Structures are given as C-alpha cells and as structure tokens.
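Position in the sequence shown (first residue = 1) + 3 = the numbering used here.
First comes the structure, then the notes that go with it.
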Amino acid sequence: MAIILGLESSCDETAAAIVRSDRTILAHALAGQEDHHRAFGGVVPEIAARAHAELMTPLVQAALADAGMTLDDVDAIAATAGPGLIGGVMVGLVTAKALAMAAGKPLIAVNHLEGHALSPRLVDPDLNFPYLLLLVSGGHCQLLRVNGVGDYNRLATTIDDAVGEAFDKTAKILGLGFPGGPAVERAATNGNSAAVPLPRPLKGADEPHFSFAGLKSAVLRAFQSGQYKVDDIAASFQQAVVECLRDRLQYSVDRIDPLPALVVAGGVAANIAIRDMLSEFAAARAMRFVAPPLWLCTDNGAMIAWAGAERFAAGLTDGLDFVARPRWPLDPDAAPARGAGVKA
Ligand code: KG4
Ligand code: ZN
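Structure (structure tokens):
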C-alpha cells in the first residue's frame, strides 16, 4: 500500500493531507484565507501567494504529526501543479519539490481538476471508470467523460463564466459577502425562486456548452431595479442555474452512450439544490449518483493526495523540473468552445 502526501495551494485554501492507497485519510490539514481577502470582495492573487508561503510548511508539519509519521514513511509527494493562480501553485509545487528532493521521494504533479475529478473515488470504492462528471467550481464548469486516470473527454464547457464565479458575482451584487456560493445558498432558502424573471442562457441550444454571464447581468439589473427582495433574487438565480445545468446535462446525455454513474465534483457541488437536481436526474436514467461529502467538494489536500495515489499506482511520477501551469486542460484535444477563450 502506498502513502501519499498531497499539497494544495491553487486558489485561497492552503492544505496538506496524507492518504493511503486503500482510501484511508491519515491526516488532513487545511487553512482558509477568507479573512485575508474579504475586504477586497474576492481572492487577491498576490495576497494568496504570500499566505500560502506562510501557511504551507506548518500545515505539512501538522499533517505529518497527526498521522504520527515522518517524511520517511511517505512513498511520494503530490502537489497541485496547475491550473490556478500561478503564485500560489508555485508555492505548493516548490514545497513538494523541496520535500521530494530532501527525502529522496518521487514527485507527482497533479492537475487540480483531476484532483476534483477523482475525489469521488476516494470515498466510494464502487465508483469505477468510466463515469460522467459534472465539474463545477469557481474557475470551471465542465461536463467530462472520465475514462481513467489522465484520460478525459470534455463534452461541454462554459463559454463565459464558471458556475462558482456566477455565484460569487451574484453574492457581490446582492451584498451577501464573501465567499459567495454558500451566502447565496443561505439567502435562497428564505426566498421565492419564482419571484424574479431571469434568463436561462443557452437552454435548448443546439450545442453542448454552458453560459452564465448573461444570468449574472440579469441579476444586476433585477437588483438595480429595486423591485425585488434580495432573498428572492438569490432563490431565482439559484433556480435558473439548476435549470441551465439540467438542460445542458440532458443535451449531452442524449448524445452519448449510457454511462453507469453521474458524479459531481468541485466547490459548487456543495450546493444542495444542485445536488438534489442531479440526484433526480440520475435516478430517472437509472444512473448511480455519486457526490463527495461537502468538505471534499471545496479545495482540500486529500483530493490532491488521492489523485497522487491514483497516478502513483499507474506508475506516473514527474521530474523535479516540472513547470507550474496556470492553464492545464484535462482534455487537450477538446475542440475550442465558441467564445470560451482558453479556459483551463
Ligand atoms: O473547487 P473550489 O473550492 O475552488 C476552485 O477550484 O474554484 O470552488 C470554489 C467555488 C466558489 O465559487 C464558491 O462560491 C463555490 O465554489 N461554492 C458554492 C457553494 N460552496 C462553494 N457555490 C454554490 N453553493 C455552495 N454551497
Ligand atoms: Zn478547486
């Protein structure tokens, strides 16, 4: 059995975890940076990088202490090597390289998106390849066929904003604070989801992709009109997101060979309304629905350690010259989506 230390630092969570290849989480240390960024209403890359640099070493020490281990007991050191805010990514990757070199252990450079994509397998031993994955985070909204470790077909992506980004911007417009996703979800529980007429971008479109920018602009107009309660706008926004995701999922599922499981991952997978919709969608199509526990949906070290464990088992390790990648698509062969630029 292999023991993997995993480091995460691609956005505003600094994390270190130790996971064994039999799916045991031996230690899991995490420090959020919300207080550093709150005054700015969003993550400030330079502040994030500095905080990662301060927090990473103590978190690695804490994880090793929790597991009752030293670096000698670890078989490999994994770190997020992209995509993400490059200053932060470099902190985690350079720390992992230094530890790997000092301890004479292999380095595993993990794609953060693969960390999310494989995380459901950490908690569900019955989840086998292939599966259909909806990856919804602050930077991404993608539908993927997960064929195996390092093997993905991207079926759809967003042509503008990511879902989490839409939640965060909505929260900012509505004055609900930061981080936005959980704040919008809380407000939505007190609101009427039918109160505010909002668009469903690309619903029914004859292409697979997602779009959320127009929805965010509509939220701004609804708010500025002064006609609606904040809770009603939040609830109506969340409902529009749910309907868009369901419609786009339906489009792709109708066009691919059936897959046994529908899996959701990424920070937005913590949203209960979205989880409920996906669970019903899967049940209606005789697919298993797998959603990681909430703590494993948002960024953490365990998902990076687990992706490291999967890669290690497949014989995939990396050289100490591995260069951090601000953009790193899971499916490099996917056709560019209209208007999407170079997301991921
Ligand atoms: O995966 P993640 O932790 O970081 C990225 O890799 O982006 O995702 C963070 C995103 C943020 O946009 C946050 O607002 C959103 O996930 N999020 C949520 C919820 N919890 C976190 N969005 C909707 N509902 C939630 N409960
Ligand atoms: Zn993430």
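Just so you know, even glycine gets a beta-carbon here, dropped at the ideal spot from N, CA and C.
For clarity, every value in this text was computed on a predicted model and none was experimentally measured.
The shortest CA-to-CA distance from D257 to any of I277, R288, E117, L96 is the one to R288. A straight line joining the alpha-carbon of I21 with that of G141 spans about 25 Å. When DSSP reads this structure, I28 sits in a beta bridge with V22. For T301, there is no enclosing alpha helix (DSSP H), since its DSSP letter is neither H nor E. Between R314 and V152, the beta carbon gap of about 6 Å places them in contact (Cβ cut-off 8 Å).
Taken from the Cβ of F240, every heavy atom of the ligand KG4 lies 8 Å or farther away. Pairing F292 with L248 gives a Cβ-Cβ distance that is not under 9 Å. In this structure, DSSP gives I275 a helical state, which the three-state scheme calls helix. Exposed is the label assigned to A338, since fewer than 16 other Cβ atoms lie within 10 Å of its Cβ.
In this structure, K100 lies away from L116, with their beta-carbon atoms at least 9 Å apart. In this structure, the alpha-carbon of D334 lies about 10 Å from that of R148. Secondary structure at C144: strand, using DSSP grouped into helix, strand and coil. By the rule of a C-beta closer than 5 Å to any heavy atom of the ligand ZN, the residues picked out are S140, D302. In this structure, V245 has its CB at a distance of at least 8 Å from all heavy atoms of the ligand KG4. When distances are taken from the beta-carbon of I277 to the heavy atoms of the ligand KG4, the shortest one is below 8 Å. Within the same chain, and ignoring the five residues on either side of S196 in sequence, the residues whose Cβ sits closer than 6 Å to its Cβ are A238, S239, Q242.
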